[in-house]
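Residue 83 in UniProt numbering is what sits at position 83 of the sequence shown, and the numbering runs on without skipping anything.
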Amino acid sequence: MKTQSSASLTEPVYDHILNLILNMELKPGDRIPEVTIAQELGVSRTPVRNALKQLENEGLVVIYPNRFVQVATYDDEMIQNLGIMRIAVDSMAVRLAIFRGSNEDFHRLRTLAEKCCIIDENAGRLERIRNDYLFHLQLSIIARNPVLEKYQSQFLRQMEVMLSYRFVEAMTASVTHLMIADAIEARDEELAVKLTTTHLAEFYHLKENFPFLLKNTHLL
């Protein structure tokens with residue numbers, strides 16, 4: 001690997017560290033062994049540092065300059081703040097998807113939702129988490145708004161990491177995904193937004209502390 005440039009090595013190093021986090025080999029609060037990772041992958045520390053910087057930009061690790069890097073932790077306040085932003089972004093993604101999406105887009109989204117149900121029955125934890133990520137990201141892709149997609153991708157990556165150690169709460173998401181996909185395909189904006197808001201509010205435990213987020217939602 002050393003014959004490649006540092007820039008070309010950053011992506012595989014990033015993927016490697018991310019997988020360590022998702023597999024819980026590196027848990028929230030753990031220090032990341034930069035030297036060991038570089039040695040295991042046969043690279044210099046430069047692509048490792050570049051990968052860690054990218055992970056920091058995504059809110060997945062915390063860099064303490066000249067000291068160490070550790071996996072980010074998500075306390076209840078951080079999780080709820082993330083949930084509030086997810087509701088705002090996902091609700092807009094749903095509206096734009098209905099406005100800009102094609103029947104082919106909606107069919108693709110429903111296929112992902114159906115896959116969530118199949119995966120919930122037959123697959124492992126990481127595959128289920130990954131499919132949840134892909135479903136919500138597809139909403140932003142259909143919305144055709146690059147800025148929204150960028151922020152959604154970052155939020156979803158944080159959610160993907162969070163789910164890796166709060167997985168039990170994700171188990172009932174597949175049925176909701178299917179309901180959301182059906183509402184979008186029917187171009188029922190009100191129902192699709194209500195389902196999305198309720199789905200996220202329940203997952204992030206926002207009902208009691210932030211009831212105004214569900215002010216116009218009657219599905220509780």
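The C-beta atom is built at its ideal place from N, Cα and C for all residues, glycine as well. No experiment lies behind these values; they were computed from the predicted model shown.
Give the straight-line distance between the Cα atoms of residue i and residue j, rounded to the nearest whole angstrom.
{"i": "Leu200", "j": "Ser153", "result": "16 Å"}
{"i": "Glu114", "j": "Asn131", "result": "10 Å"}
{"i": "Cys116", "j": "Asn66", "result": "43 Å"}
{"i": "Lys207", "j": "Leu41", "result": "45 Å"}
{"i": "Pro47", "j": "Phe99", "result": "41 Å"}
{"i": "Thr111", "j": "Gln54", "result": "31 Å"}
{"i": "Arg133", "j": "Gln39", "result": "The question names Arg, but residue 133 is Tyr in the sequence shown. Each residue's alpha carbon lies about 31 Å from the other."}
{"i": "Glu104", "j": "Ile87", "result": "25 Å"}
{"i": "Leu213", "j": "Glu160", "result": "23 Å"}
{"i": "Ile37", "j": "Ile184", "result": "44 Å"}
{"i": "His177", "j": "His16", "result": "29 Å"}
{"i": "Met162", "j": "Tyr151", "result": "17 Å"}
{"i": "Leu191", "j": "Leu109", "result": "16 Å"}
{"i": "Arg187", "j": "Ile118", "result": "25 Å"}
{"i": "Leu18", "j": "Ala51", "result": "9 Å"}
{"i": "Asn23", "j": "Glu56", "result": "18 Å"}
{"i": "Glu25", "j": "Asp76", "result": "22 Å"}
{"i": "Ala181", "j": "Arg45", "result": "44 Å"}
{"i": "Leu126", "j": "Phe135", "result": "14 Å"}
{"i": "Val193", "j": "Lys27", "result": "34 Å"}
{"i": "Met179", "j": "Val69", "result": "41 Å"}
{"i": "Leu219", "j": "Ala97", "result": "Low confidence applies to Leu219: its pLDDT is 41, below 50, so where it sits in the model is not reliable, and the reading given next is rough at best. Their backbone Cα atoms lie some 22 Å apart in a straight line."}
{"i": "Met78", "j": "Glu202", "result": "16 Å"}
For the beta strand (DSSP E) containing residue i, name the first residue and the last one.
{"i": "Tyr74", "result": "Looking at the DSSP string, Tyr74 is not in any beta strand (DSSP E), and its letter there is neither H nor E."}
{"i": "Tyr64", "result": "Val61 to Tyr64"}
If you measure between the beta carbons of residue i and residue j, is that distance less than 8 Å?
{"i": "Leu9", "j": "Val43", "result": "yes"}
{"i": "residue 268", "j": "Val89", "result": "There is no way to answer for residue 268, as the model of the chain reaches only from 1 to 220."}
{"i": "Ile32", "j": "Val13", "result": "no"}
{"i": "Val94", "j": "Leu139", "result": "yes"}
{"i": "Thr73", "j": "Gly101", "result": "no"}
{"i": "Ile63", "j": "Ser164", "result": "no"}
{"i": "Ser91", "j": "Thr198", "result": "no"}
{"i": "residue 226", "j": "Glu58", "result": "Since the first residue shown for the chain is 1 and the last is 220, residue 226 is missing from the structure and cannot be characterised."}
Flag residue i as yes if its beta-carbon sits less than 8 Å from any beta-carbon of chain B, otherwise no.
{"i": "Val193", "result": "Of the chains in the structure shown, none is chain B; there is only one protein chain."}
Please state the DSSP three-state secondary structure of residue i.
{"i": "Val43", "result": "coil"}
{"i": "Ala7", "result": "helix"}
{"i": "Phe210", "result": "coil"}
{"i": "Arg187", "result": "coil"}
{"i": "Arg31", "result": "strand"}
Considering just the uninterrupted stretch of the alpha helix (DSSP H) at residue i, what are its terminal residues?
{"i": "Ser153", "result": "Pro146 to Leu163"}
Counting beta carbon pairs with one atom in the stretch 73-86 and one in the stretch 141-148, are three or more of them shorter than 8 Å? No, they do not touch.
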